[in-house]
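Peer 1:
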Amino acid sequence: MHLATQAIQCGEADIVIAGGQENMSRAPHVLNDSRSGALPDADNLVDSLVHDGLWDAFNDYHIGVTAENLAREYGISRELQDAYALSSQQKARAAIDTGRFKDEIVPIVTQRNGQTAIVDTDEQPRADASAEGLALLHPAFDSLGSVTAGNASSINDGAAAVMMMSEAKAQALGLPVLARIRAFASVGVDPALMGIAPVYATRRCLERAGWQLTEVDLIEANEAFAAQALSVGKMLEWDERRVNVNGGAIALGHPIGASGCRILVSLVHEMVKRDARKGLATLCIGGGQGVALTIERD
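179 is the number that the numbering used here gives to position 186 of the sequence shown; each next residue is one higher, with no gaps.
(1) ALA292 and ILE243: beta carbons closer than 7 Å?
(2) By Cβ distance below 7 Å, which residues in the same chain neighbour LEU245 in space, the five residues on each side in sequence not counted?
(3) Apply the 10 Å Cβ neighbour rule to ASP332 and answer buried if 16 or more other Cβ atoms are within range, or exposed otherwise.
(4) Which full runs of the alpha helix (DSSP H) of 4+ residues lie inside the stretch 84 to 156, going along the chain?
(5) Kindly give me the distance between the Cβ atoms of VAL102 and THR109, rounded to whole angstroms, as I take these residues to be in contact under 8 Å.
(6) State the Cα-Cα distance for the pair GLY241 and SER29, rounded to the nearest angstrom.
(7) How should VAL43 be labelled, buried or exposed, when 16 other C-beta atoms within 10 angstroms of its C-beta is the threshold for buried?
(8) In whole angstroms, what is the alpha-carbon distance linking ALA292 and VAL170?
(9) Go ahead and label ARG234 buried or exposed: buried means 16 or more other beta carbons lie within 10 angstroms of its beta carbon, across all protein chains shown.
(10) Relative to the C-alpha of VAL180, which candidate in ALA133, CYS3, GLY126 and GLY280 has its C-alpha closest?
(11) From ALA124 to HIS131, what distance separates their C-alpha atoms?
(12) I need the straight-line Cα distance from HIS210 to LEU276, nearest angstrom please.
(13) Within the same chain, show all residues whose beta-carbon is closer than 7 Å to that of ASN149, passing over the 5 residues directly before and after it, in chain order.
(14) Take every Cβ of the stretch 61 to 79, pair it with every Cβ of the stretch 173 to 188, and state whether three or more of those distances are shorter than 8 Å.
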């Protein structure tokens, strides 16, 4: 969306469809030495999902370790993480049950075993999530740590897209304007603490927009990990009642290439439903990046 905005502002494009997709469940295992005759075994078969998407190349460890780093740095306990994860699950489940996502989901029709299947609902949210169940899970990245499969985002497939253009172009085509991009920002931080990057991206983006955080009606912030989301919230001191009101990535999933656009799509639709005026979307990116974008409605 940042690139699309710049292209339109610079006059290089009139209309841009921006977004992304990720098919994590079908990410292949790769045999790097196959061209030299190597045969697959446990030592040379690489999981491309982890290698390309979930590995910190700078510190040579799983992205989950960065969440453990944040939990220690900002004093985020296991209990706080599990409570946050449960809240995300409950909000997402309530949103699904009340049809809150219907307007933003495009149903996909497929054939499965000769039967027509319609995919129109997120499959990840757990109706049976409980504090007791989350407490039973073992740490996933550090045997003495606090980050588990239950308080981290999940591995999912997904896609999201938005159509962007200038206001003049929208008027010429007779198209409704759902929201206007007010400002955007990208930052870099220590890769070992990559999850805190939305703090700095948000501050820079709000400064460019000329807004105070207290002016923002709704916020969508990607939940890579509960420890990460809580660290960001602790630093920004935002009103949690305005953040991820229909749940976040811990419940809905985190298909990496689609997540940035997905949170923007969710933000726009919820702002329309609530007749909200100002919104913020922000997320962290493995490797130490953070991005943020503010939108405004009349």
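Think of the CB as a built atom: it goes at the ideal place given N, C-alpha and C, for glycine as much as any other residue.
A quick note: this is a predicted structure, and the numbers were derived from the prediction, not measured.
Peer 2: Put simply:
(1) This structure cannot speak to residue 292, because the chain is shown only from -6 to 291.
(2) Within the sequence shown, numbered from 1, the residue matching residue 245 stands at position 252. Once the five neighbours on either side are set aside, the close Cβ partners of LEU245 are ALA85, ASP115, GLN117 and PRO118.
(3) One cannot answer for residue 332 here, as it falls past the ends of the chain, which runs -6 to 291.
(4) Given a length threshold of 4 residues, each whole run of the alpha helix (DSSP H) inside the stretch 84 to 156 is given here in chain order: 124 to 128.
(5) Sequence index remark: in the sequence shown, residue 102 carries index 109 (1-based). Sequence index remark: in the sequence shown, residue 109 carries index 116 (1-based). Going by Cβ atoms, the distance from VAL102 to THR109 rounds to 6 Å, so yes, they are a contact pair.
(6) The residue labelled residue 241 in the question sits at position 248 within the sequence shown. The residue labelled residue 29 in the question sits at position 36 within the sequence shown. Distance from the CA of GLY241 to the CA of SER29, rounded to the nearest whole angstrom, comes to 44 Å.
(7) Within the sequence shown, numbered from 1, the residue matching residue 43 stands at position 50. With fewer than 16 other Cβ atoms from the protein chains shown falling within 10 Å of its own Cβ, VAL43 counts as exposed.
(8) As shown, the chain starts at -6 and ends at 291. That puts residue 292 outside it, with no answer to give.
(9) Taking the first residue of the sequence shown as position 1, residue 234 is located at position 241. Exposed, by the Cβ-count rule.
(10) If you number the sequence shown from 1, residue 180 lands on position 187. Cα-wise, what sits closest to VAL180 is GLY280.
(11) In the sequence shown, residue 124 corresponds to position 131, counting from 1. In the sequence shown, residue 131 corresponds to position 138, counting from 1. Spanning the two alpha carbons is a distance of roughly 14 Å.
(12) For the purposes of this step, residue 210 is taken as residue 217 along the sequence shown, with counting starting at 1. For the purposes of this step, residue 276 is taken as residue 283 along the sequence shown, with counting starting at 1. In the sequence as displayed, the identity of residue 210 is Asp instead of His. Distance between the alpha carbons of ASP210 and LEU276: 17 Å.
(13) Within the sequence shown, the letter at position 156 stands for residue 149. The answer, listed in chain order, is MET17, GLN117, GLY246, HIS247 and PRO248.
(14) Inter-segment contact for the stretch 61 to 79 and the stretch 173 to 188 is present: three or more beta-carbon pairs are separated by less than 8 Å.
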